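Chains as they are written, first to last, in the numbering used here: chain B, 1 to 116; chain R, 1 to 112. Ideal Cβ positions, reconstructed from N, Cα and C, are used throughout, including at glycine. Since we're looking at a predicted model, the values are computed, not measured. Shown next, in structure tokens, is the structure this report addresses.
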Amino acid sequence: GAVVSQHPSWVICKSGTSVKIECRSLDFQATTMFWYRQFPKQSLMLMATSNEGSKATYEQGVEKDKFLINHASLTLSTLTVTSAHPEDSSFYICSARQTGGTYEQYFGPGTRLTVT
Amino acid sequence: QKEVEQDPGPLSVPEGAIVSLNCTYSNSAFQYFMWYRQYSRKGPELLMYTYSSGNKEDGRFTAQVDKSSKYISLFIRDSQPSDSATYLCAMSATGGSYIPTFGRGTSLIVHP
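Right under this line is the structure:
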């Protein structure tokens with residue numbers, strides 16, 4: 001149980017285009033989902049907390065107009081990187097917290113974004 | 001000083017060795033302590049969690065928390081090449097959103 005999927009697993013896009021990444025909790029409902037960014041050999045950097053049916057809470061320094069987050073259902077959150085640039089190339093990982101849960105997060109397999 | 005400090009390694013050990021991975025932290029409000037394993041190009045997988053101080057054992061893995069020293073450890077017995085991965089510690093306070101703070105991870109290499 002507690003499986004989280006991400007799609008796509010790998011995407012290459014041209015500079016200036018937008019990319020949407022989906023995060024799904026497959027066998028549980030997740031009121032809260034999290035989006036992280038990870039650079040090589042670095043830890044997870046929390047970008048935003050996504051709550052179903054409400055606006056996402058962004059961490060300091062993360063541009064909310066560039067990284068659009070939508071959490072329209074209890075099993076799906078999306079991250080859209082708008083007007084992507086090469087510096088946005090990174091590994092994006094989502095996690096989901098089971099509705100009614102506390103500390104435990106279940107992570108997706110990650111999406112590698114390369115902007116050329 | 002970062003809230004959570006973790007040596008990035010790499011830590012290289014022979015198969016069968018006992019591995020000790022550690023993190024220190026500065027926030028005395030942390031009560032939940034977790035260890036995640038992350039294989040290359042994959043998302044982290046929760047290995048162990050403990051609440052407050054003490055030890056917890058699960059198979060070859062033992063997690064220890066020493067709140068007085070603000071120090072946590074993960075021990076891996078009889079290490080296997082399949083244990084080669086990055087191990088991230090994470091911790092959170094009670095109440096509020098329980099959003100964890102992660103260490104930067106320690107890269108472990110177990111060679112045959």
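Between the CA atoms of residue j and residue i - distance to the nearest angstrom
{"i": "Pro8(B)", "j": "Gly61(B)", "result": "25 Å"}
{"i": "His85(B)", "j": "Tyr39(R)", "result": "27 Å"}
{"i": "Leu46(B)", "j": "Gly108(B)", "result": "14 Å"}
{"i": "Leu44(B)", "j": "Ile93(B)", "result": "8 Å"}
{"i": "Ser79(R)", "j": "Lys55(B)", "result": "44 Å"}
{"i": "Thr82(B)", "j": "Asp65(B)", "result": "8 Å"}
{"i": "Gln113(B)", "j": "Gly100(B)", "result": "For the sequence presented, residue 113(B) should be read as Leu rather than Gln. Distance between the alpha carbons of Leu113(B) and Gly100(B): 32 Å."}
{"i": "Phe33(R)", "j": "Ala90(R)", "result": "6 Å"}
{"i": "Glu57(R)", "j": "Thr116(B)", "result": "46 Å"}
{"i": "Ser15(B)", "j": "Ser50(B)", "result": "26 Å"}
{"i": "Thr94(R)", "j": "Trp35(B)", "result": "21 Å"}
{"i": "Asp88(B)", "j": "Phe39(B)", "result": "10 Å"}
Buried/exposed call for residue i, threshold 16 Cβ in 10 Å
{"i": "Ala48(B)", "result": "buried"}
{"i": "Ile21(B)", "result": "buried"}
{"i": "Trp10(B)", "result": "exposed"}
{"i": "Val3(B)", "result": "exposed"}
{"i": "Thr17(B)", "result": "exposed"}
{"i": "Ala72(B)", "result": "exposed"}
{"i": "Gln6(B)", "result": "buried"}
{"i": "Ala63(R)", "result": "buried"}
{"i": "Ser20(R)", "result": "exposed"}
{"i": "Ile12(B)", "result": "exposed"}
{"i": "Leu26(B)", "result": "exposed"}
{"i": "Ile18(R)", "result": "exposed"}
{"i": "Arg41(R)", "result": "exposed"}
Residue range of the unbroken beta strand (DSSP E) whose run includes residue i
{"i": "Leu26(B)", "result": "Where Leu26(B) is concerned, there is no enclosing beta strand (DSSP E), given that its DSSP letter is neither H nor E."}
{"i": "Ser5(B)", "result": "4 to 7"}
{"i": "Ala48(B)", "result": "44 to 51"}
{"i": "Val13(R)", "result": "11 to 14"}
{"i": "Tyr92(B)", "result": "90 to 97"}
{"i": "His71(B)", "result": "67 to 73"}
{"i": "Val62(B)", "result": "Val62(B) -> no beta strand (DSSP E), and no H or E assigned at all."}
{"i": "Ser77(B)", "result": "76 to 81"}
{"i": "Gln38(B)", "result": "32 to 38"}
{"i": "Thr17(B)", "result": "Premise fails: Thr17(B) is in no beta strand (DSSP E) and is neither H nor E."}
{"i": "His111(R)", "result": "106 to 111"}
{"i": "Thr94(R)", "result": "Looking at the DSSP string, Thr94(R) is not in any beta strand (DSSP E), and its letter there is neither H nor E."}
{"i": "Thr111(B)", "result": "111 to 115"}
Heavy atom of the ligand SAH within 8 Å of residue i beta-carbon
{"i": "Met91(R)", "result": "Questions concerning the ligand SAH fall outside what the structure shown contains, since it holds no ligand whatsoever."}
Min CB distance residue i to chain A below 9 Å
{"i": "Glu104(B)", "result": "Any reference to chain A falls outside this structure, whose protein chains are B and R."}
**Message:** Output needed in chain order: residues of the stretch 33 to 50 of chain B with a Cβ under 8 Å from some Cβ in chain R.
**Reply:** Phe34, Lys41, Gln42, Ser43, Leu44, Leu46, Thr49
**Request:** Would you mind listing the alpha helix (DSSP H) stretches within the stretch 26 to 87 of chain R that are 4+ residues and don't spill past its ends, in chain order?
**Result:** none
**Message:** Along the stretch 55 to 84 of chain R, where does the CB come closer than 7 Å to a CB of chain B? Name the residues.
**Reply:** none
**Members of the stretch 13 to 33 of chain B that neighbour chain R once the beta carbon cut-off is set at 7 Å** = none
**Request:** Quick one: which residues of the stretch 73 to 94 of chain B get their C-beta closer than 9 Å to a C-beta of chain R? List them in chain order.
**Result:** Phe91, Ile93, Cys94
**Message:** So if I threshold CB-CB distances at 9 Å, which residues from the stretch 39 to 52 of chain R count as touching chain B?
**Reply:** Arg41, Lys42, Gly43, Pro44, Glu45, Leu46, Tyr49, Tyr51
**Prompt:** Quick one, which residues of the stretch 96 to 108 of chain R are near chain B if we go by CB-CB under 8 Å, in chain order?
**Reply:** Ser97, Tyr98, Ile99, Pro100, Phe102, Gly103, Arg104, Gly105, Ser107
**Request:** Scan the stretch 10 to 40 of chain R for residues whose Cβ lies nearer than 8 Å to a Cβ of chain B and list them as they occur along the chain.
**Result:** Tyr32, Met34, Tyr36
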